[in-house]
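Presented below is the structure to which this report refers.
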Amino acid sequence: MSEPGWFEEGARVAVLTAEPIGRPLDYRAPEGGCYNGAFVEVPLGPRKVLGVVWGPGEGGFDAAKLRAVNRVFDVPPMRDELRVFLERMAEYTMTPLPQVLRLATRAPGLGDPPGMRTIYRLGDREPSRMTDARARVLEVLEEHGGAGFYLSELAHLAGVTTQVVKGLVKTGALIEAEVPRDQPFPRLDPARPGKALSEAQTAAAEALRAGSGAYSTTLLKGVTGSGKTEVYLEAVAECLRKERQALVLLPEIALSSEFLSRVEARFGARPGEWHSGVTQSERRRLWKACGAGEVQLVVGARSALFLPFRDLGLIVVDEEHDSSYKQEEGVLYNARDMAVLRASGCSAQVVLASATPSLETWANAEAGKYQRLDLRARFGTAELPEMGTIDMRDEAIESAHWIGPTLVKEVLARVAEGQQAMLFLNRRGYAPVTICRACGHQIGCDHCDARMVEHRFLKRLVCHQCGETKPIPVKCPSCEVEGKLAPVGPGVERLAEEVAERFPEARLAVLSSDLFGSARALKEKIAEIAQGEADIIIGTQIVAKGHNFPRLTLVGVIDADLGLQGSDLRAAEKTFQLMRQVAGRAGRAEEKGAALLQTYQPEHPVIRAILGGDEEAFWAQEAAARQAQGVPPYGRMAGIILSGPDLQPLFEVGNHLARNDAALRRIGAQVFGPAPAPIARVRGRHRVRLLVKAEKSAPLQGALKAWLKGLKLPTNARLAVDIDPQSFL
């Protein structure tokens, strides 16, 4: 009698691949048999593709014509827990299962046999002749701290041919080395003492330790600087003591450097990393170590949620409110919600940490679905910053300037005291609009329904929707008059010009994601600022995400009204979160901090709530408004996005759906649209949206499936379903 989940040689097995087929296909088990969940290589047409054994074959196909599995990879099979999670996620997000499987198989070289590998590292000599291509290769290696790369990977990252890399080996500037393919991860020691905790931190840590070992979700809400990280690291320690694996999700790769150092100080070794800045060889090593249970803690971006952990016992979602946890392309999912879904299937604990939680998480805690722990004071002697507004209607501000006299005075005072000041503007680039003063033409993207943003540091115009760039023109592309193109409105680069003019003696640092060629360069700049190597910091929302600048005592928000414009369902929530998070950068050490918001609407309810500091009152008021409208988190929504090269066929499909909505009316749902998306064209494709709204308890996915069943799309058109949309663009 064979083991459960084991398929003998020649048995019919179902194999799911990441190819767009929509379902598993039947194959014959290979020589030696295979387990359920095994990672295999199978023939698909003329190609060989990666797949996972998804159970016994369905039959209905002549067994004699079945093709055999080519080989079984030497990695642990995908556990039932992960396969069930992927199926439940596919069902919830209404995404074809093969697309979801692709998220869980993003590791290069899974089929490579164990052994040695050739990598390329920095040598100890300078090349006798330096070229641009050679310099790019050396720069890539320096940015990654000298980490070893495969030949093809290094050449690709540097944008050169492999011959350039091999030429550097001959000069001694690079070393070609044979190393063990997968070196073990160092062991973390949960017994090492952590930092001394306050009474409130100790109580919160004890509560998290008590919940370890079983499924639960806890909101860890603490004001900025209250020491949430040290508290949830105690939950990590408890998880490791139980010899289970832990995962910490971070919203921004730039946060990882400081966090990894804190983990190393706490546990005596660095954890595994999983994000876009990790080399392919490291991704492969970590993926295999997760499945074998050989890595205890992983710190990563949202895609780390799909790693094949052998025994996942804890998931921490840090800054759980952050919008970057929502994947907006391909598989549309929210990593915060999927973390809860995955944890529920493997008896894992979830900690959602934030100073300004999402309304969804706040409401779940209020309803008793999530536990809640509060840290109401900053750690140690640090105090929360004083909040105030500057009424711009009363400021005598010069034309083409954006820093009012009151804020200028406050910045000068801080710099004179040897402290740091931060000016926040949530707008990248130099100017959001470039207009022709001769004919009024505004320069737009050739492929999107969006204006191009001037990036003066790059000397380019950039589309923030599709990434298209082009040189800043000398003459207007519409009327061809020269010298009449003018930037309108401020971006952080233009603000930097004004700061240099107003504060010529001050050392200036600009933090914006598009100004750094690599994550490593951004991390280095953040470290320099933390060490005091800047007097004035200008930043976009990247500065709001967990950074600790000890000498920073003043935060000035240039345009606090920016996020309140438009009709975004979450505009008030997002503005409240962003302003409180940015303000929280000030006064995190001994010196008292202040945050000043330049606004033309000081009486706006959201601005008043930000100043008032009564966060619970704000959430309660926002919750009541959403409940009255029947919108999330007190109702359900789904976005239907139709896209294609031609607009009219998309509207025809949209109107057809709107007219034939019986399946949705049966559950009491409403359909709004079709209408052009606010960004009506992206990368040359027109976009049309419909919005479905239903009650909280409505079986929305089933109704949507019935509504869309049998729908025929025009040639080259695509339809995407966005369950729980965060953005309506």
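Okay, so the sequence shown: first residue is 1 according to full-length UniProt numbering, each after it adds one. Yeah, the Cβ is synthetic: ideal placement off N, Cα and C, and Gly gets one too.
- In the three-state reduction of the DSSP assignment, N334 falls in the strand class, which pools E and B.
- Residue pairing by DSSP places G635 opposite E695 in a beta bridge.
- For the options G37, G55, R47, H144, the alpha carbon positioned closest to that of A104 is the one of G37.
- If only complete runs of 4 or more residues are kept, the stretch 161-239 shows the alpha helix (DSSP H) at 162-171, 199-210, in order along the chain.
- Taking a 10 Å sphere around the C-beta of W6, we find fewer than 16 other C-beta atoms and assign the residue as exposed.
- Scanning A363, D449, L373 for the CA closest to the CA of P676 turns up D449.
- When rounded, the separation of the alpha-carbon atoms in D112 and Q726 is 40 Å.
- For M338, the CB contacts under 7 Å within the same chain, skipping 5 residues up- and downstream, are M89, L305 in chain order.
- Three or more Cβ pairs closer than 8 Å define a contact, and the stretch 338-358 meets that threshold against the stretch 214-221.
- For the pair E616 and L375, the Cα-to-Cα distance works out to about 14 Å.
- Residue range 718-723 is occupied by the beta strand (DSSP E) that includes R718.
- Rounded to the nearest whole angstrom, the CA to CA distance from L425 to A572 is 17 Å.
- For the stretch 385-465, the full-length alpha helix (DSSP H) segments reaching 4 residues or more read 405-416 along the chain.
- By alpha-carbon distance to G272, the top candidate from P714, Q296, A669, A586 is Q296.
- The bridge partners DSSP lists for L511 are G539.
- Y325 sits in a helix when the DSSP states are folded into three classes.
- Per DSSP, the beta-bridge partners of F7 are C34.
- In the structure shown, the three-state DSSP call for A677 is strand.
- For V606, the enclosing alpha helix (DSSP H) has its first and last residue at 605-612.
- In this structure L554 is in contact with V411, their Cβ atoms being roughly 7 Å apart against a cut-off of 8 Å.
- If you check the CB distance, L642 and G654 come in under 7 Å.
- Of the candidates L307, G167, E199, L704, L307 places its Cα closest to the Cα of Q245.
- Rounded to the nearest whole angstrom, the CA to CA distance from E417 to E533 is 15 Å.
- DSSP lists V13 as the bridge partner or partners of P56.
- Following the DSSP letters along the chain, one finds K470 in no alpha helix (DSSP H) but inside the beta strand (DSSP E) bounded by residues 469-471.
- For M116, the uninterrupted beta strand (DSSP E) run begins and ends at 116-122, by DSSP.
- Residues T162 of the same chain have their beta carbon placed closer than 8 Å to that of S152, with the five preceding and five following residues left out of the count.
- Looking from the CA of V15, the closest CA among M78, G32, A64 belongs to M78.
- In the structure shown, A628 falls within a helical segment according to DSSP collapsed to helix, strand and coil.
- Taking C-beta separations shorter than 8 Å and ignoring five residues to either side along the sequence, the partners of N334 in its chain run Y325, K326, Q327, D724, Q726, following chain order.
- According to the DSSP assignment, R134 belongs to the alpha helix (DSSP H) that extends over 132-143.
- Classified as exposed, L711 has fewer than 16 neighbouring CB atoms from the shown chains inside 10 Å of its CB.
- With fewer than 16 neighbouring CB atoms inside 10 Å of its own CB, L713 falls in the exposed class.
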